[in-house]
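Asks: Per numbering that gives the first Met the number 0, the very first residue in the sequence shown carries number 0; after that it's consecutive. The C-beta atom is built at its ideal place from N, Cα and C for all residues, glycine as well. Got a structure for you, questions after.
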Amino acid sequence: MDELPSEVDLLIIGTGFIESIISAAASRIGKSVLHLDPNDYYGNQWGSFNLQALLDYNPDPSEPCDFRNKSFSLKNFHYEWLMEDQKEDLLKNSRKFNIDLTPKLHYCRGDFVQLLITSNIARYSEFRSVTRILTWLNGQLELVPCSRSDVFASQKVSVVEKRVLMKLLTSLDDILDSENTHNFKKFLESRKLSDNLVTYVMAMAGATEHTSLGEGVKSVKRFLDSLGRFGKTPYLFSMYGSGEIAQAFCRLSAVFGGIYALNQQNLISLDSEDNRITSLTTTKQQIRAQNYVTSLEQCSEKFLRPVKINNYISRAILITNKSILPSEQEQLSFLIYPEGTERIINVFELGSLTGTCPKNYYLVHLTSKQVTTPQEDFKGALGNLFSGSDQPQIIFSCYFSIPETSDLDFENVPENLFLCPGPDNDLDYNSSIQKAREIFEKMYPDLEFLPRAPDPEEIIIGD
Numbered sequence: 000m001d002e003l004p005s006e007v008d009l010l011i012i013g014t015g016f017i018e019s020i021i022s023a024a025a026s027r028i029g030k031s032v033l034h035l036d037p038n039d040y041y042g043n044q045w046g047s048f049n050l051q052a053l054l055d056y057n058p059d060p061s062e063p064c065d066f067r068n069k070s071f072s073l074k075n076f077h078y079e080w081l082m083e084d085q086k087e088d089l090l091k092n093s094r095k096f097n098i099d100l101t102p103k104l105h106y107c108r109g110d111f112v113q114l115l116i117t118s119n120i121a122r123y124s125e126f127r128s129v130t131r132i133l134t135w136l137n138g139q140l141e142l143v144p145c146s147r148s149d150v151f152a153s154q155k156v157s158v159v160e161k162r163v164l165m166k167l168l169t170s171l172d173d174i175l176d177s178e179n180t181h182n183f184k185k186f187l188e189s190r191k192l193s194d195n196l197v198t199y200v201m202a203m204a205g206a207t208e209h210t211s212l213g214e215g216v217k218s219v220k221r222f223l224d225s226l227g228r229f230g231k232t233p234y235l236f237s238m239y240g241s242g243e244i245a246q247a248f249c250r251l252s253a254v255f256g257g258i259y260a261l262n263q264q265n266l267i268s269l270d271s272e273d274n275r276i277t278s279l280t281t282t283k284q285q286i287r288a289q290n291y292v293t294s295l296e297q298c299s300e301k302f303l304r305p306v307k308i309n310n311y312i313s314r315a316i317l318i319t320n321k322s323i324l325p326s327e328q329e330q331l332s333f334l335i336y337p338e339g340t341e342r343i344i345n346v347f348e349l350g351s352l353t354g355t356c357p358k359n360y361y362l363v364h365l366t367s368k369q370v371t372t373p374q375e376d377f378k379g380a381l382g383n384l385f386s387g388s389d390q391p392q393i394i395f396s397c398y399f400s401i402p403e404t405s406d407l408d409f410e411n412v413p414e415n416l417f418l419c420p421g422p423d424n425d426l427d428y429n430s431s432i433q434k435a436r437e438i439f440e441k442m443y444p445d446l447e448f449l450p451r452a453p454d455p456e457e458i459i460i461g462d
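Laid out in structure tokens, this is it:
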């Protein structure tokens, strides 16, 4: 490895989503950035893997390292081949898979898409529209009508129901201005919505039976506000998987001078004095910086008091042989599956057109708040979606738990060390973008966060 710079403005350890945004933002305003990762891949717990790399993934390596904090690593990692006769073919096509540890969607008018546009990072990535939204209703999958035209074209919604639904959806601002501490589902029922309509609106909001009226209305408004911009639904998905997003920000950072080095197994320690980090020591050199950013997963335990992680995210990854709801054309499906009264399961079904799996296969992601174990948390949904003779067969399954660290608060951290939480259970990246912005503004309070990057033809090269 060539020697790295001995002094920079900002040193970042870990290439997760939040760290990568901060790297791009700092590099863009002219700060010298050194961005390191002990892993040989981008993304940390936000990353994407081909199939063989997923099988080889070790979330809890045994070798001691000051830059691997086991408290924040993935738990309960387990995979299984359910159709051994398909194994050889899938492994031959391993590189055609891009399998996310933390898949996300993007609201078409959400903070993430707006940031892509205003910063001009959109040119570093590609997206596909989610083509249909599904829910589980009366023991079967049903399409959720998204737009006004969908509502009026639906054969499952009566004329009277259509009028009631449209009246509700056009009066959300008035509802939001009134008392909003009531229960969202009970409010919908009080408006004389049928059971079917209640299910549709709950799906739009991603709501459970405990969602408040204010929270539910805001979520439906967000859903409706993102309609009609890029496709039939309010959502976009990143081509080649959500792991591409962190890399897009890293590319921008590199364009403006950010220096990257992965597979940095020679990192020894972060050194501190008087409540400040003074340097990074490697086996070859010492590197100084004004500020340091690191993921929790790669932060030395000496800077973090032991914490108990109370919440985890249950994850399942499936490879199947056909769609859960076949159609003439390949669909990119988002299923909001209600599981009991306290949680929903977000299900993404991805075909080959997303660049995440080979033709004739589907990649299915399930994500939910963890209650027991991932296997138990998804048992009911998998039974309903994959157990029938005419339903898809599961060829391969992988389960794991992601620690929910977005709400953790740490004391006595060195004043120039900034900690980036791992993935959260949100559908999109909004709260993670907000966290990246907060860290950036603490370091550089008077400077602009991710100003627009020029297009190549706008760059003037001097003599």
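So what's residue 221 in DSSP terms, helix, strand or just coil?
Replies: As a first step, residue 221 is located in the sequence shown; it is residue number 222 there, counting from the start. DSSP places residue 221 in helix when its eight states are reduced to three.
Asks: With DSSP collapsed to three states, give me the class of residue 89.
Replies: If you number the sequence shown from 1, residue 89 lands on position 90. It is helical.
Asks: Closest to residue 358 by CA distance: which of 321, 364, 190 is it?
Replies: As a position in the sequence shown, residue 358 is number 359, starting the count at 1. When C-alpha distances from residue 358 are compared across 321, 364, 190, the shortest belongs to 321.
Asks: I need the DSSP call for residue 445, collapsed to helix, strand or coil.
Replies: Looking up residue 445 in the sequence shown gives position 446. Residue 445: coil per DSSP, three-state reduction.
Asks: Contact defined as beta carbons within less than 8 Å: I believe residue 292 pairs with residue 145. What is the distance between those atoms, to the nearest angstrom?
Replies: Within the sequence shown, numbered from 1, the residue matching residue 292 stands at position 293. Within the sequence shown, numbered from 1, the residue matching residue 145 stands at position 146. Actually they do not touch by this definition, with Cβ atoms about 39 Å apart.
Asks: Exposed or buried, what is residue 0 when buried is set at 16 or more other beta-carbons lying within 10 Å of its beta-carbon?
Replies: Counting from one through the sequence shown, the residue named residue 0 turns up at place 1. A caution first: residue 0 carries a pLDDT of 48, below 50, which makes its placement in the model unreliable, though a value can still be read off. Residue 0 should be labelled exposed.
Asks: With distance defined between alpha-carbon atoms, name the residue in 390, 414, 69 nearest to residue 273.
Replies: Within the sequence shown, residue 273 is the residue found at index 274, counting from 1. Out of 390, 414, 69, 414 has the C-alpha closest to the C-alpha of residue 273.
Asks: Anyone know if the C-beta pair for residue 44 and residue 421 falls short of 7 Å?
Replies: The residue you call residue 44 lines up with position 45 of the sequence shown. The residue you call residue 421 lines up with position 422 of the sequence shown. Yes, these two residues count as a Cβ contact at 7 Å.
Asks: Mark residue 260 as exposed unless 16 or more other C-beta atoms lie within 10 angstroms of its C-beta, in which case mark it buried.
Replies: As a first step, residue 260 must be located in the sequence shown, where it is residue number 261. Residue 260 is exposed by the Cβ-count criterion.
Asks: Could you check whether residue 143 and residue 132 sit closer than 7 Å to each other, using their CB atoms as the reference points?
Replies: Taking the first residue of the sequence shown as position 1, residue 132 is located at position 133. Taking the first residue of the sequence shown as position 1, residue 143 is located at position 144. Yes, these two residues count as a Cβ contact at 7 Å.
Asks: So, residue 248 versus residue 393, is the Cβ gap smaller than 7 Å?
Replies: Taking the first residue of the sequence shown as 1, we reach residue 248 at position 249. Taking the first residue of the sequence shown as 1, we reach residue 393 at position 394. No, Cβ-Cβ distance for residue 248 and residue 393 is not below 7 Å.
Asks: What does a CB cutoff of less than 8 Å around residue 462 pick up in its chain, not counting 5 residues either side in sequence?
Replies: The residue given as residue 462 occupies position 463 in the sequence shown. Legend: pLDDT at residue 462 = 48, less than 50; position of this residue unreliable, no value from coordinates given.
Asks: Hey, out of 141, 264, 30, 153, whose CA is closest to residue 281's CA?
Replies: Stepping through the sequence shown from its first residue, residue 281 is reached at position 282. When only C-alpha atoms are compared, the closest one is 264.
Asks: The alpha helix (DSSP H) that contains residue 332, what's its start and end?
Replies: Along the sequence shown, one-based indexing puts residue 332 at 333. First-last for residue 332: 332-338, but that is the beta strand (DSSP E), not the alpha helix (DSSP H).
Asks: Return the chain-ordered list of same chain residues with a C-beta closer than 6 Å to the C-beta of residue 23, the five sequence neighbours on each side being excluded.
Replies: As a first step, residue 23 must be located in the sequence shown, where it is residue number 24. Correct list, in chain order: 248, 251, 252.
Asks: Per DSSP, which one or two residues make a beta bridge with residue 135?
Replies: The sequence position of residue 135 within the sequence shown is 136, counting from 1. Residue 135 pairs with 140.
Asks: Please state whether the Cβ-Cβ distance between residue 295 and residue 71 is less than 7 Å.
Replies: For the purposes of this step, residue 295 is taken as residue 296 along the sequence shown, with counting starting at 1. For the purposes of this step, residue 71 is taken as residue 72 along the sequence shown, with counting starting at 1. Yes; because the gap between Cβ atoms is below 7 Å, this pair is in contact.
Asks: What span of residues does the alpha helix (DSSP H) with residue 199 cover, start to end?
Replies: Walking along the sequence shown from the start, residue 199 turns up at place 200. Note, residue 199: alpha helix (DSSP H), 194-204.
Asks: Could you name the residues of the same chain whose beta carbon sits closer than 7 Å to that of residue 449, not counting the 5 residues immediately before and after it, in chain order?
Replies: Locating residue 449 in the sequence shown gives position 450, counting from the first residue. Answer for residue 449: 23, 24, 27, 114, 118, listed in chain order.
Asks: Assign residue 28 to one of three DSSP states: helix, strand, or coil.
Replies: On the sequence shown, position 29 is the one that residue 28 refers to. Coil at residue 28, not helix or strand.
Asks: Determine the extent of the alpha helix (DSSP H) in which residue 191 is found, giving its start and end residues.
Replies: Taking the first residue of the sequence shown as position 1, residue 191 is located at position 192. In this chain, residue 191 is not harboured by any alpha helix (DSSP H), its DSSP state being neither H nor E.
Asks: Rounded to whole angstroms, what is the Cα-Cα separation between residue 430 and residue 51?
Replies: By 1-based counting over the sequence shown, the position of residue 430 is 431. By 1-based counting over the sequence shown, the position of residue 51 is 52. Rounded to the nearest angstrom, the two C-alpha atoms are 32 Å apart.
Asks: Quick test of your reading: residue 391 and residue 277, contact by CB under 8 Å. State the CB separation rounded to the nearest angstrom.
Replies: Taking the first residue of the sequence shown as position 1, residue 391 is located at position 392. Taking the first residue of the sequence shown as position 1, residue 277 is located at position 278. Going by Cβ atoms, the distance from residue 391 to residue 277 rounds to 56 Å, so no, they are not a contact pair.
Asks: Please state the DSSP three-state secondary structure of residue 353.
Replies: By 1-based counting over the sequence shown, the position of residue 353 is 354. Helix at residue 353.
Asks: May I ask you to list the residues that DSSP assigns as paired with residue 6?
Replies: Taking the sequence shown and counting its residues from 1, the one referred to as residue 6 is at position 7. According to DSSP, residue 6 bridges with 287.
Asks: Between the C-alpha atoms of residue 376 and residue 367, what's the straight-line distance to the nearest angstrom?
Replies: Position 377 of the sequence shown, counted from the first residue, corresponds to residue 376. Position 368 of the sequence shown, counted from the first residue, corresponds to residue 367. Those two C-alpha atoms are separated by around 8 Å.
Asks: Of the residues 303, 158, 242, 379, which one's Cα is nearest the Cα of residue 40?
Replies: By one-based count along the sequence shown, residue 40 stands at place 41. Nearest of 303, 158, 242, 379 to residue 40, Cα basis: 242.
Asks: Using CA atoms only, rank isn't needed, just tell me which of 185, 129, 203, 136 is closest to residue 228.
Replies: Taking the sequence shown and counting its residues from 1, one reaches residue 228 at position 229. Residue 228 has its Cα closest to that of 129, out of 185, 129, 203, 136.
Asks: Quick check on this structure: which residue in 371, 369, 364, 333 has the alpha carbon closest to the alpha carbon of residue 537?
Replies: In the structure displayed, the chain extends from 0 to 462; residue 537 sits before or after that span and is not available.
Asks: For the alpha helix (DSSP H) containing residue 383, name the first residue and the last one.
Replies: Indexing the sequence shown from 1 puts residue 383 at position 384. In this chain, the alpha helix (DSSP H) harbouring residue 383 covers 378-385.
Asks: Which residue wins for smallest C-alpha separation from residue 267, given the options 171, 200, 279?
Replies: Position 268 of the sequence shown, counting from 1, holds the residue named residue 267. Checking every option, the nearest Cα to that of residue 267 belongs to 279.
Asks: Helix, strand or coil for residue 406, going by three-state DSSP, please let me know.
Replies: Within the sequence shown, residue 406 is the residue found at index 407, counting from 1. Coil at residue 406, not helix or strand.
Asks: When DSSP labels each residue in this structure, what does residue 129 get in the three-state scheme?
Replies: Here residue 129 corresponds to residue number 130 of the sequence shown, with the count starting at 1. Correct three-state label for residue 129: coil.
Asks: Apart from the five residues on each side of it in sequence, which residues of its chain come closer than 7 Å, Cβ to Cβ, to residue 121?
Replies: The sequence position of residue 121 within the sequence shown is 122, counting from 1. Once the five neighbours on either side are set aside, the close Cβ partners of residue 121 are 115.
Asks: Can you list the beta strand (DSSP E) stretches of 3 or more residues lying completely in the segment 28-57, in chain order?
Replies: 32-35
Asks: Using 8 Å as the threshold, is the segment 72-87 in touch with the segment 191-211, meaning 3 or more CB pairs across them?
Replies: no
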